[in-house]
Each structure stands twice: as structure tokens, then as C-alpha cells.
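Asker: I have a structure I would like to understand better, so I am pasting it below and will then ask my questions one at a time.
Numbering (the working numbering), first residue to last: 633 to 1262.
Structure, rendered in C-alpha cells:
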């Protein structure tokens, strides 16, 4: 079954389903309308809620009548003109026996109940019919969608079938044209027709003839190569003969000159050395000269080495100074840019950035993979070019029955083209080697960049620790460490006085102080928002924390508190005094300066200052002189 037939069959099936679903929808709509008509006929012109309201009214009336009937004994005791003991009314209409009978009301209630029950059943049936209609409508919509899709598929299949048919016609025409072209070319080879059933044997025959022609071409090339080698060898031998003849004449002239020089040298030797052995004298003098030259060379090499090392060290020091001077502004700029770029990149600080950064092994691995991919890409491009060249060559090949003499001009042309291609290949290989060298240089530069990054990172760490030239940043860093220790001591004291607050350092200002409000879900607040009593408690905890700070040679055993207790409530005051009492038990001397009367009752050891006239005051208490004044 073809695609068009399959799509047509699917379209017919969906059309049948759509007609069926449409009929189901019409039936459901008819049943729904019948149900609505029946409900409307049952209710008349009123709504169901009106009947329910009427029923509720009748039920209340029925309950009222039942209650009246139950009060028959009390009705007999009612007298006109006298107030009712229950409601106080002086008129008693039901006392004369005119009690309404609840039978009529009860019948109305039963009728309404039956009507409401039928209406509710009808509404339930209508709801089911509405659901069935919605389902049928959805099914119809889905069927219409499927029908539309099937129709579109049919159109597409018909269009595709027409395109395939048109393409087939074109292929047939192209095949006929190609067959004619191949027949015309094969006609030159003595092949008049192409048997459709023996195309493979024809191809084998053509391949055999091609191989024979290629073998003849190869044999010709080998013979030409042998001829060229013989010509080169003959030229080389002629050049050698000519060179040796010239050399022989020169050697003969040199021999005559040497004979004359030998005679003159013999006479001079006898005049200089007499009967001494010149070889021994020469060896002795050469040894003396050699020893002196060795000693001089060693001294000169040592001097040059030391001078070179001194120059190298001096140059290196100057270079480092220049690099430091040159890179200091750049380092500051890079630091600002780095700090500015951290937040947009999603890093809170440098530590988080360094933790998220790839390791050196990972970066080296990525670089190796990139190099391998580049090499593979280059190799694939070369292979693709080679395959394209081979394909073009094979396409351009034509089987011919021409003689070797007729093919020689074309063969020479091909040889020239081959030389050009080899030159091009040599140029490409040269470019490839240059590219490889460039990659090595880039790799070396990358290595230098990594080393420079490490050096820059070291300087950044130094800058982070040392900071500005006046040492402010380093002092702030050291003060921050001390401040952190003091906050730890202060929090231990603060926990004894209240469990609400906890002291922390400000992230923006490391030497500023904030509080964590545990009563507000751990919200971080500024100490400026604290009340007077809360500020005093925080200040007291800091003072107590500071008193616990001690160095190797310094201890803080005394603490004086000036005022501040007047802002505390009674509970906070008790907590503060208990904390101070605990410190006193630990051996601390605590002094409190205050005008709060409540402290006089809580502190047993007191020194009182009483103002006198003339701007003088008198002190009294333990350790004070009787008449002492200040």
C-alpha cells in the first residue's frame, strides 16, 4: 500500500467517525433540550429556589402551628383583657378555639417536597446530559482535527506524489541523456552499444584497458627517469674529471713550492736549534704556553662569570623595580575591576571565586582537548581535500584509444600540473609547519600568562594583607581579628543577661557592630535602633568582654561603670547586677558610678560623694580619710 493510499484510507475513516460523532452530538443536544423542556414544564414560570424558599416558609409555619397545638392547656387559661404570661398580649385570638389546622399546610409541604425532588432528579439528569454533550462535542472537535490533519496529509502526499512523479520523469530524461553521452564516448573505443544486463562486464573491460594504459604510462615514466639519471651521472663524471685535472695541476705547483720552503726551513732550523731535537723543544714550549693559557682562561672565565652574574642580578633588580612601578597602577585598576565584576558574576568574595575556578589540571586538559580537536579538524580538512581531488580526477578521466605519441603532450601537461600541485603541497606543508610553530609560541605565551597570573595573584594577596601605603588596611585587618575575639567574649556575657540579642560584625564595615534579634526570626539590626536599656546591656557586655581580653603581660582586673543603670527596668537591673557579682567572685574589681537609688540597696560597699559649699565635695566610705575632701 502506498503512502497516498494509506493517507486516503485514514481520511475516509476519520470522515466516517466525524459523521458518527456529529450524530451523537445531535442526539445528546436533543436529549438535553428535552430534559430542559421537561424541567421548565415541571417548574412552570418559577425557579427551583423559589419552591425551596416556599417549602422552608411552610415548614416554619408548620412548626408554629404544631407549637400552638401543643399549648392547648395554656390557651384555656387565657382571658380577654388580661396579659399573656408569655408575650404580654391582651388579645387572645386562639383562646376561643380558632386554632388553624396544619393538614393543609402539611399537604402543601408534601406536594412541594415531591416537586422539588422531581426537579432535583431532572437537574441531575440534565447535568449528566450536559456532560454527555460536552464529551460528544470534544469527540467531534477531536475528530474534526484528525480529519483536517488527514486531509492535510492527503494534500501533502498528493503533492509529494506529484513531485516524485516529476522527479522520476526528470531522472528518466537525465538517464537517457547520460546514456547517449556514454554511448558517444564508448563509440570512440569501438563499443557500439551498452548492454543493460552486461554493464558490469563492460566496466571490467574498461578498467582492464585503463590499468593497461596506466601501466604503460608508469613504464614510460620509469624509462624517462632512468634516462635522466644517466644524463645526470654523465654530467657529474665530466665535472669530476675536470675538477680532478685542475686539482692535479694545483697540487703539482704546490709540491714545487713546498720543496723550496722545505729547503729554506731546514737551513733556518739548523741555525736556531743546532743539534737539539726540535720536537722535544716544541713539546716543552707548547706545554708551558698551554699551562699559562689554561690558567689565564680559568681566571678570565671566573671573572666573566662573576661579572655576568652581577650584571644579571643588577638587571633583574632594576627590571623588578620597573615592573613593580609599572604594574602598581594596573594592579589597583585590576583589583577594582575584579571586585566590581565579582558581584555580577554571582560571587560574594574572592574566596568563592577561587573555589569555583577550574584547577590547573582541568585547564590543561581542556587545552589538550582543544589542540586535539584542532589537529583532527586539520587532518579531516586535508583528507576531504584529497578525496575531492581524487574524485575530480576520477570524474575527469576518460578512456581513450589514442596512441602513446598522441597522449604525450597531454601527459607532459599533466606532469606540469603535478609539479604545480607538489609546489602547492610544499607551500601548504610550510604553512602547516609555521602554524605548528605559531601554536607552540601561543602555548609558550599561555604558559607565561599563567605564570604572570600566579605572580599577580601573589601580589594581590600581598595587597589584600598589607593594603595601602600608610598601613591602614593592615591595621584594620589586625583590629578586626581583635574585634572578633572581643565580640566572642561579649556574646558570652550577653547570653547571661538576655537570650534575645547576639552581637555580630557588619559585613560592609568590619569594625562596626550589629545585633541579631532572635525574637524577630534572627533579623540583623543596627545597634542604633536599640532602646536605652538595650544599648546599656550591649555596652556592658562589650565592656565585660574587653575586660576578659588580656595579653602576655597585661591583665584587666578592674572595671568602672559610669551611669547607664537608670535606663534599666527592674528585671534588667537584677540581671546586670547578678552578672557583675559573678565577675566579682572571679576576682574582678567592679566600680559603679550611679545616682540610681535602687543601687544603694543592692551594693553593700559604697563610697559616697556629698557636695559641699564652695564647689567642694566630701567623700566617705571604706578606705577614705575622715576629713578628706576633693
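Yeah, the Cβ is synthetic: ideal placement off N, Cα and C, and Gly gets one too.
Residue range of the alpha helix (DSSP H) that residue 1114 falls in?
Answerer: Residue 1114 sits at position 482 when you count from the first residue of the chain shown. Here the alpha helix (DSSP H) through residue 1114 covers 1104–1129.
Asker: Which residue marks the beginning of the beta strand (DSSP E) containing residue 1144, and which one marks its end?
Answerer: Mapped onto the chain shown, residue 1144 falls at position 512. Careful: residue 1144 lies outside any beta strand (DSSP E) and carries neither H nor E.
Asker: Whose CA, out of 1221, 635 and 1175, lies closest to the CA of residue 796?
Answerer: As a working mapping, residue 796 is identified with position 164 in the chain shown. Comparing Cα positions, the closest option is 635.
Asker: Would you kindly check if the distance between the Cβ of residue 1091 and the Cβ of residue 963 is under 8 Å?
Answerer: Along the chain shown, read from residue 1 onward, the residue named residue 963 stands at position 331. Along the chain shown, read from residue 1 onward, the residue named residue 1091 stands at position 459. Yes. Within cutoff.
Asker: I think residue 1235 touches residue 1193, with their Cβ atoms under 8 Å apart; what is that distance to the nearest whole Å?
Answerer: By one-based count along the chain shown, residue 1235 stands at place 603. By one-based count along the chain shown, residue 1193 stands at place 561. The pair is not a contact, with the Cβ atoms about 11 Å apart (cut-off 8 Å).
Asker: Going by beta-carbon coordinates alone, are residue 693 and residue 652 separated by less than 8 Å?
Answerer: What you label residue 693 is simply residue 61 of the chain shown in a count that begins at 1. What you label residue 652 is simply residue 20 of the chain shown in a count that begins at 1. Not in contact: residue 693 and residue 652 (Cβ atoms no closer than 8 Å).
Asker: Within its chain, find whatever has a CB closer than 7 Å to the CB of residue 646; leave out the 5 residues flanking it on each side and keep chain order.
Answerer: Working through the chain shown from its first residue, we reach residue 646 at position 14. Once the five neighbours on either side are set aside, the close Cβ partners of residue 646 are 775, 778, 779 and 782.
Asker: How many angstroms separate the CA atom of residue 993 from the CA atom of residue 1163?
Answerer: The sequence position of residue 993 within the chain shown is 361, counting from 1. The sequence position of residue 1163 within the chain shown is 531, counting from 1. Between residue 993 and residue 1163, the C-alpha separation is close to 56 Å.
Asker: Considering only C-alpha positions, which residue in the set 1049, 1170 and 1220 is nearest to residue 1197?
Answerer: If you number the chain shown from 1, residue 1197 lands on position 565. Cα-wise, what sits closest to residue 1197 is 1170.
Asker: So, for residue 1155: in the same chain, excluding its five sequence neighbours on each side, which residues have a beta-carbon less than 8 Å away from its beta-carbon?
Answerer: By 1-based counting over the chain shown, the position of residue 1155 is 523. Excluding residues within five positions, the ones whose Cβ falls inside 8 Å are 1148 and 1149.
Asker: Hey, would you say residue 1110 sits closer than 8 Å to residue 1176, going by beta carbons?
Answerer: Mapped onto the chain shown, residue 1110 falls at position 478. Mapped onto the chain shown, residue 1176 falls at position 544. Cβ atoms of residue 1110 and residue 1176: not closer than 8 Å.
Asker: Quick check on DSSP: helix, strand or coil for residue 1059?
Answerer: Here residue 1059 is taken as the residue at index 427 of the chain shown, counted from 1. In this structure, residue 1059 counts as helix in the three-state DSSP scheme.
Asker: Got a sec, what are the start and stop residues for the alpha helix (DSSP H) residue 1239 sits in?
Answerer: Along the chain shown, one-based indexing puts residue 1239 at 607. Segment: none, residue 1239 is in no alpha helix (DSSP H) and carries neither H nor E.
Asker: If you follow the alpha helix (DSSP H) that residue 1137 is in, where does it begin and where does it stop?
Answerer: Here residue 1137 is taken as the residue at index 505 of the chain shown, counted from 1. Careful: residue 1137 lies outside any alpha helix (DSSP H), inside the beta strand (DSSP E) at 1133–1137.
Asker: Spell out the partners DSSP gives residue 1043 in its beta bridges.
Answerer: As a position in the chain shown, residue 1043 is number 411, starting the count at 1. Paired residues: none, contrary to the question.
Asker: Using the beta-carbon count (16 or more within 10 Å), is residue 754 buried or exposed?
Answerer: As a first step, residue 754 must be located in the chain shown, where it is residue number 122. By the neighbour-count rule (16 or more Cβ atoms within 10 Å), residue 754 is buried.
Asker: Just to check my reading of the structure: residue 744 and residue 683 have Cβ atoms closer than 8 Å, yes? What is that Cβ distance to the nearest angstrom?
Answerer: Within the chain shown, the letter at position 112 stands for residue 744. Within the chain shown, the letter at position 51 stands for residue 683. The pair is a contact, with the Cβ atoms about 6 Å apart (cut-off 8 Å).
Asker: Below 8 Å on the Cβ atoms is my contact criterion, and I expect residue 664 with residue 751 to pass it. Report the Cβ-Cβ distance as a whole number of Å.
Answerer: By one-based count along the chain shown, residue 664 stands at place 32. By one-based count along the chain shown, residue 751 stands at place 119. Actually they are not in contact, since the Cβ atoms of residue 664 and residue 751 sit about 16 Å apart, beyond 8 Å.
Asker: How many Å lie between residue 1209 and residue 1191 at the Cα?
Answerer: Numbered from 1 along the chain shown, position 577 holds the residue referred to as residue 1209. Numbered from 1 along the chain shown, position 559 holds the residue referred to as residue 1191. Their Cα atoms are separated by approximately 14 Å.
Asker: Excluding five sequence neighbours on each side, which residues of the same chain lie with their C-beta closer than 7 Å to the C-beta of residue 1231?
Answerer: As a first step, residue 1231 must be located in the chain shown, where it is residue number 599. Same-chain partners within the cutoff: 1197 and 1224.
Asker: Give the DSSP-derived three-state secondary structure of residue 1194 in the structure shown.
Answerer: Position 562 of the chain shown, counted from the first residue, corresponds to residue 1194. Strand, per DSSP.
Asker: Decide if the region 1132–1143 is in contact with the region 1106–1120; the criterion is three or more beta carbon pairs, one per stretch, under 8 Å apart.
Answerer: Yes, they touch.
Asker: Would you report the Cα separation of residue 1178 and residue 1204, rounded to the nearest angstrom?
Answerer: Numbered from 1 along the chain shown, position 546 holds the residue referred to as residue 1178. Numbered from 1 along the chain shown, position 572 holds the residue referred to as residue 1204. For residue 1178 and residue 1204, the distance between alpha carbons rounds to 21 Å.
Asker: Under 8 Å by Cβ, that's how I've got residue 687 and residue 758 pegged, so tell me the actual separation to the nearest angstrom.
Answerer: Taking the chain shown and counting its residues from 1, the one referred to as residue 687 is at position 55. Taking the chain shown and counting its residues from 1, the one referred to as residue 758 is at position 126. About 21 Å separates the two Cβ atoms, so there is no contact after all.
Asker: Below 8 Å on the Cβ atoms is my guess for residue 1181 versus residue 1117; work out the distance and round it to an integer in Å.
Answerer: Indexing the chain shown from 1 puts residue 1181 at position 549. Indexing the chain shown from 1 puts residue 1117 at position 485. Their Cβ separation, rounded to whole angstroms, is 7 Å, which keeps residue 1181 and residue 1117 in contact under 8 Å.
Asker: Mark residue 1077 as exposed unless 16 or more other C-beta atoms lie within 10 angstroms of its C-beta, in which case mark it buried.
Answerer: The sequence position of residue 1077 within the chain shown is 445, counting from 1. Residue 1077 should be labelled exposed.
Asker: What is the DSSP secondary structure of residue 673, reduced to helix, strand or coil?
Answerer: For the purposes of this step, residue 673 is taken as residue 41 along the chain shown, with counting starting at 1. Three-state DSSP puts residue 673 in a helix.
Asker: Is DSSP giving residue 1249 helix, strand or coil here?
Answerer: Here residue 1249 is taken as the residue at index 617 of the chain shown, counted from 1. Residue state, collapsed to three classes: strand.
Asker: Please look up how many angstroms separate the CB atoms of residue 667 and residue 772, rounded, as I've assumed it's under 8 Å.
Answerer: As a first step, residue 667 must be located in the chain shown, where it is residue number 35. As a first step, residue 772 must be located in the chain shown, where it is residue number 140. Residue 667 to residue 772, Cβ: 20 Å. No contact.
Asker: When you compare each of 1151, 1119, 1125 and 944 to residue 1132 by their alpha carbons, which one comes out closest?
Answerer: Here residue 1132 corresponds to residue number 500 of the chain shown, with the count starting at 1. Nearest of 1151, 1119, 1125 and 944 to residue 1132, Cα basis: 1151.
Asker: Taking only three categories from DSSP, how would you classify residue 1224?
Answerer: Counting from 1 along the chain shown, the entry for residue 1224 is found at position 592. The answer is strand: DSSP assigns residue 1224 an E or B state.
Asker: Would DSSP call residue 1163 helix, strand or coil?
Answerer: Translated into the one-based positions of the chain shown, residue 1163 becomes position 531. Coil at residue 1163, not helix or strand.
Asker: Return helix, strand or coil for residue 1243, following the three-state DSSP convention.
Answerer: Walking along the chain shown from the start, residue 1243 turns up at place 611. Here residue 1243 sits in strand by DSSP.
Asker: Distance, Cα to Cα, residue 1085 vs residue 966?
Answerer: By 1-based counting over the chain shown, the position of residue 1085 is 453. By 1-based counting over the chain shown, the position of residue 966 is 334. About 12 Å.
Asker: Rounded to the nearest angstrom, how far is the Cβ of residue 764 from that of residue 660, given a contact under 8 Å?
Answerer: Taking the chain shown and counting its residues from 1, one reaches residue 764 at position 132. Taking the chain shown and counting its residues from 1, one reaches residue 660 at position 28. The pair is a contact, with the Cβ atoms about 5 Å apart (cut-off 8 Å).
Asker: What separation, rounded to the nearest whole angstrom, lies between the Cα atoms of residue 847 and residue 856?
Answerer: Reading the chain shown from its first residue, position 215 is the one you call residue 847. Reading the chain shown from its first residue, position 224 is the one you call residue 856. Cα to Cα, residue 847 sits roughly 14 Å from residue 856.
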